[in-house]
Amino acid sequence: MKTHGFTLLEVMVALAIFAVAAIAVTKIGMNYTQSIGQMNERTFAHFVAMNELAELEINGAWPEGTGEKTVDEQGQRWLVSHQVYNTISESVRRIEIRVAPMSDEGQQPTSVTSIVAFLQRPVAYSQN
């Protein structure tokens with residue numbers, strides 16, 4: 001007797017293979033979506049850090065020590081902190097700016113980007 005079609009075992013094996021493949025594709029899609037979100041957040045945070053540095057340069061600031069503030073940019077609230085270090089030249093300072101997104105849950109913000117730059121002493125602060 002000749003039968004046409006698949007046996008139950010063959011169908012179950014094919015279904016198991018399809019399920020494993022579907023789970024793998026779903027996981028890849030979720031990871032991709034999550035990394036796109038993180039990339040956007042890091043990019044926006046970098047813009048905020050660059051804006052902070054530009055603001056310091058435009059205002060002719062000569063910061064010392066540490067400081068932090070919150071800013072609203074890119075449709076989000078950010079915690080911007082900076083640490084200033086002296087260099088061997090009295091007219092140049094190294095500044096490290098860190099940016100972290102503020103969360104609504106009250107969690108401690110975690111820095112997602114930082115930039116390091118060197119500021120030259122503004123003319124108004126020169127010692128003559």
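Everything in the sequence shown is counted per full-length UniProt numbering, starting at 1 for the first residue and increasing by one.
Even glycine gets a Cβ: it sits at the ideal position worked out from N, Cα and C.
Write down the C-beta distance between V71 and V84 rounded to the nearest angstrom, noting that I regard them as a contact closer than 8 Å.
No, V71 and V84 are not in contact; Cβ-Cβ is about 18 Å, not under 8 Å.
So, is F18 buried or exposed, given that buried needs 16 or more other C-beta atoms within 10 angstroms?
Exposed: under 16 other Cβ atoms inside 10 Å.
Closest to V116 by CA distance: which of P109, I95, V123 is it?
Nearest to V116 by alpha-carbon distance, out of P109, I95, V123, is I95.
When the Cβ atoms of the region 26-37 are set against those of the region 55-67, are three or more pairs found closer than 8 Å?
As far as the Cβ criterion goes, the region 26-37 does not touch the region 55-67, which means the pair count is below three.
For a test of your reading of the model: does the CB of A61 fall under 8 Å from any non-hydrogen atom of the ligand MN? Yes or no.
The ligand content of the structure shown is nil, which means the ligand MN is not present either.
9 Å Cβ cutoff met for H82 and E73:
Not in contact: H82 and E73 (Cβ atoms no closer than 9 Å).
Measure the C-alpha to C-alpha separation of F6 and A14 and round it to an integer number of angstroms.
Going by C-alpha positions, F6 is about 10 Å away from A14.
From the DSSP output, read off the bridge partner residues of R94.
BP columns for R94 point to Y85, F118.
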